[in-house]
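Engineer: Sharing a structure, written as structure tokens. Questions coming.
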């Protein structure tokens, strides 16, 4: 009995042979972490990262692209809606034999959208379904009727006689005067270049003072720009219950 007790007391201070020591534990932790990081960074793992980030019922941004192969926009739009999602906004462009499309979808099931797009668009080369930033749900977004930014937003359509560098020249002129172009489209129309989009005028609260629109438009005309449209946008009404949410 004394011998057995002595053996226990001697072995209590050391780990059994089958238990890994501190060095081995650190090695196993590093190895496991490296394997997980490597797996998460692989292209095949990316959709699952996106799916976990974009939970069902949220608002997601679908971005897809590839070689132009027919009427892809309507096919993708219809497929997204069949999943129960609602397309709030979309952008579609074809250029140089390729296409790029974006859909802002609310009430979205990201996994369903990812699966159905791959099914109906088998030639797709790029697809991402990621959580969308708060845009249509933003109670004080720039196009909300109650936003203080609405008076400074203009819908713009300009036509410029084409010459090398003309688009750079005009956009730089606007930037120097504190005017920011957003959602801009550029395309050719005969001998002219057409620029369409939204212009955000300086509010006067930052580094740029408010601009005199009449002077700005006159300067553009002197640069050879035909300003077809430069009008105020009408803000959308806030979502139902927005006042109560903001008060809370």
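In this note's numbering, the protein residues as written are 401 to 648.
Positions of the beta carbon are idealized from the N, C-alpha and C atoms, including for glycine.
When you compare only the Cα positions, how much space is there between residue 635 and residue 459?
Structural biologist: One C-alpha to the other measures close to 21 Å.
Engineer: So, with DSSP's three-state summary, where would you put residue 571?
Structural biologist: Residue state, collapsed to three classes: helix.
Engineer: Taking its Cβ as the centre, do 16 or more other Cβ atoms sit within 10 Å of residue 483, making it buried, or is it exposed?
Structural biologist: Classification for residue 483: buried.
Engineer: Thinking residue 473 and residue 500 are a contact (beta carbons under 8 Å), I'd like their distance in whole angstroms, please.
Structural biologist: The Cβ separation is near 11 Å, so there is no contact.
Engineer: Does the distance from the CB of residue 504 to the CB of residue 517 come in under 8 Å?
Structural biologist: Cβ atoms of residue 504 and residue 517: not closer than 8 Å.
Engineer: Measuring CA to CA, which of 565, 562, 601, 548 is closest to residue 577?
Structural biologist: It is 601.
Engineer: If we count the other Cβ atoms within 10 Å of its Cβ and call it buried at 16 or more, is residue 604 buried or exposed?
Structural biologist: Exposed: under 16 other Cβ atoms inside 10 Å.
Engineer: Within the region 478-543, note down every full alpha helix (DSSP H) run reaching 4 residues or more, in order along the chain.
Structural biologist: Fully enclosed alpha helix (DSSP H) runs of 4 or longer: 510-520.
Engineer: Does DSSP classify residue 629 as helix, strand or coil?
Structural biologist: Of the three classes helix, strand and coil, the one that applies to residue 629 here is strand, per DSSP.
Engineer: Thinking just about the alpha-carbon of each residue, which of 461, 607, 621, 617 is nearest to the one in residue 533?
Structural biologist: When only C-alpha atoms are compared, the closest one is 461.
Engineer: If you drop the 5 nearest sequence neighbours on each side, which residues of the same chain put their C-beta closer than 8 Å to that of residue 588?
Structural biologist: Excluding sequence neighbours, residue 588 sits near 562, 594.
Engineer: Look at the Cβ atom of residue 525, then the Cβ atom of residue 590, and state whether they are nearer than 8 Å.
Structural biologist: Result no, Cβ atoms of residue 525 and residue 590 do not sit closer than 8 Å.
Engineer: Roughly how many angstroms separate the alpha carbons of residue 470 and residue 498, rounded to a whole number?
Structural biologist: Each residue's alpha carbon lies about 11 Å from the other.
Engineer: Once you ignore the five residues that flank residue 411 on each side, which residues in its own chain have a CB closer than 6 Å to its CB?
Structural biologist: Confidence is the limiting factor: at residue 411 the pLDDT is only 44, short of 50, which leaves the residue's position unreliable and the question unanswerable from this model.
Engineer: Would you call residue 620 buried or exposed, if buried means 16 or more other Cβ atoms sit within 10 Å of its Cβ?
Structural biologist: By the 10 Å Cβ count, residue 620 comes out buried.
Engineer: Straight-line CA distance for residue 520 to residue 476?
Structural biologist: Rounded to whole angstroms, residue 520 to residue 476 spans 7 Å at the Cα level.
Engineer: If I measure Cβ to Cβ from residue 507 and keep anything under 7 Å in the same chain, skipping five residues before and after, which residues do I get?
Structural biologist: Around residue 507: 457, 484, 485, 486.
Engineer: Taking the alpha-carbon positions, what's the residue 630 to residue 522 distance?
Structural biologist: Using only the alpha carbons, I get a separation of about 42 Å.
Engineer: Between which two residues does the beta strand (DSSP E) carrying residue 559 extend?
Structural biologist: That run of the beta strand (DSSP E) goes 553-561.
Engineer: Helix, strand or coil, according to DSSP, for residue 636 in the structure here?
Structural biologist: Looking at residue 636 - three-state DSSP - the assignment turns out to be strand.
Engineer: Helix, strand or coil for residue 439? Go by DSSP, reduced to three states.
Structural biologist: Because the pLDDT of residue 439 is 48, which lies under 50, any placement of that residue in the model is unreliable, and the question is left without a value.
Engineer: Who are the near neighbours of residue 481 in its chain, counting only those whose CB is closer than 7 Å to its CB and skipping five residues on each side?
Structural biologist: Excluding positions up to five away in sequence, the list reads 487.
Engineer: Just the C-alpha distance for residue 580 and residue 490, rounded to the nearest angstrom, thanks.
Structural biologist: Roughly 21 Å separates the two Cα atoms.
Engineer: Would you kindly work out how many angstroms separate the C-alpha atoms of residue 451 and residue 502, rounded to a whole number?
Structural biologist: Summary for residue 451: the model assigns pLDDT 45, below 50, so the residue's position carries little reliability, and this model does not support an answer.
Engineer: What do you get for residue 574, buried or exposed, if any count of 16 or more other CB atoms within 10 angstroms of its CB means buried?
Structural biologist: With 16 or more other Cβ atoms within 10 Å, it is buried.
Engineer: From what residue to what residue does the beta strand (DSSP E) around residue 596 run?
Structural biologist: Note, residue 596: beta strand (DSSP E), 592-600.
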